[in-house]
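Numbering (UniProt numbering), first residue to last: 1 to 122.
All C-beta atoms, glycine included, are put in the ideal place defined by N, C-alpha and C.
Rendered as structure tokens:
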């Protein structure tokens, strides 16, 4: 079973907070009371997938991954973790596709949609 963890992005100070930090800040606790939904101060709660990239970095919802020449965004879509295509030289790839067994070993986390929005424009 996957470890249950989250993180959240603070929009005003531009800091990604870990689950431990979320539980220690009163303002972040208020966001949790709101169901973890996005508001003017914080991103929605970003869930841990239970997977790690080729460098051992944990992969969270909203992370941007690179595997060879393909760049994707991690999403929870249709009740499962998937990659949403951002860019690829291959036209046959679908917009969403499930994580592959090789993902934790060959993909690399480049950043995330909050701290690195420029990566979405590739």
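Whole-angstrom C-beta distance between residue j and residue i, which should lie under 8 Å
i	j	result
residue 16	residue 9	5 Å
residue 97	residue 83	6 Å
residue 12	residue 48	At roughly 24 Å, the Cβ-Cβ gap does not stay under 8 Å, so residue 12 and residue 48 are not in contact.
For residue i, the three-state DSSP class (helix, strand or coil)
i	result
residue 105	helix
residue 121	helix
residue 23	helix
residue 66	strand
residue 56	coil
residue 13	coil
residue 61	coil
residue 79	coil
residue 114	coil
Where the beta strand (DSSP E) containing residue i begins and where it ends
i	result
residue 96	96-98
residue 45	Where residue 45 is concerned, there is no enclosing beta strand (DSSP E), given that its DSSP letter is neither H nor E.
residue 88	No beta strand (DSSP E) holds residue 88; DSSP gives it neither H nor E.
Beta carbon of residue i nearer than 8 Å to that of residue j
i	j	result
residue 43	residue 69	no
For the segment 53-70 against the segment 102-117, are there 3 or more C-beta pairs whose distance is under 8 Å? yes
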